[in-house]
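Numbering (the numbering used here), first residue to last: 154 to 316.
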């Protein structure tokens with residue numbers, strides 16, 4: 154993979170950047186960024202604003218009144234100021250519409266910084282693929298083909314009765 158030294162507009166500083174695009178440092182953001190959250194959490198993406206809302210979403214294991222044994226969750230740890238996060242947000246939203254059997258979450262690393270640190274987030278975006286609350290896989294960076302590939306693999310592994 155080609156790695157080059159460049160200036161990321163999302164940070165305004167020089168950092169290492171790869172082909173897949175990622176932001177490696179936190180940036181102070183405007184406290185009034187609700188519009189940006191709405192843009193990021195389009196489709197069926199659920200915005201996580203507290204640790205309690207995270208716990209609640211992970212514990213919601215019912216669909217149509219039936220307990221589902223395997224719930225797949227995609228968690229996007231992102232930031233509204235991050236360019237690569239902005240670039241992949243429309244795809245993430247589109248995938249949430251395309252695959253309603255998966256739960257798509259969005260966590261703002263600035264608003265939930267301690268929580269994000271507990272997940273060892275070093276760059277944004279970082280995607281976690283979870284089943285029954287356990288990590289199955291992880292993707293760091295805005296690599297659209299790889300995100301689609303991982304989601305397709307998950308959907309293909311779901312038994313037809315649970316899709």
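Heads up, the beta-carbon is just placed ideally off N, CA and C, and yes, glycines get one too.
Identity of the residue in the options nearest residue i by Cα
i, options, result
"residue 260", "195, 212, 197 and 207", "207"
"residue 299", "274, 285 and 241", "241"
"residue 275", "250, 291, 283 and 287", "291"
"residue 255", "201, 304 and 202", "304"
"residue 236", "196, 212, 308 and 294", "294"
CB-CB length for residue i against residue j, believed under 8 Å
i, j, result
"residue 210", "residue 268", "Incorrect: roughly 13 Å between the Cβ atoms, too far for contact."
Contact check, residue i vs residue j, beta carbons under 7 Å
i, j, result
"residue 258", "residue 228", "yes"
"residue 252", "residue 308", "yes"
"residue 246", "residue 278", "no"
"residue 196", "residue 250", "yes"
C-alpha gap between residue i and residue j, whole angstroms
i, j, result
"residue 296", "residue 284", "22 Å"
"residue 289", "residue 306", "12 Å"
"residue 281", "residue 226", "8 Å"
Segment limits, alpha helix (DSSP H) that includes residue i
i, result
"residue 308", "297-310"
"residue 224", "Counting along the chain, residue 224 falls outside any alpha helix (DSSP H), and DSSP gives it neither H nor E."
"residue 244", "236-251"
First and last residue of the uninterrupted beta strand (DSSP E) at residue i
i, result
"residue 204", "Run containing residue 204: none in the beta strand (DSSP E); it sits in the alpha helix (DSSP H), 204-212."
"residue 379", "Nothing in the structure corresponds to residue 379, since the chain is present only between 154 and 316."
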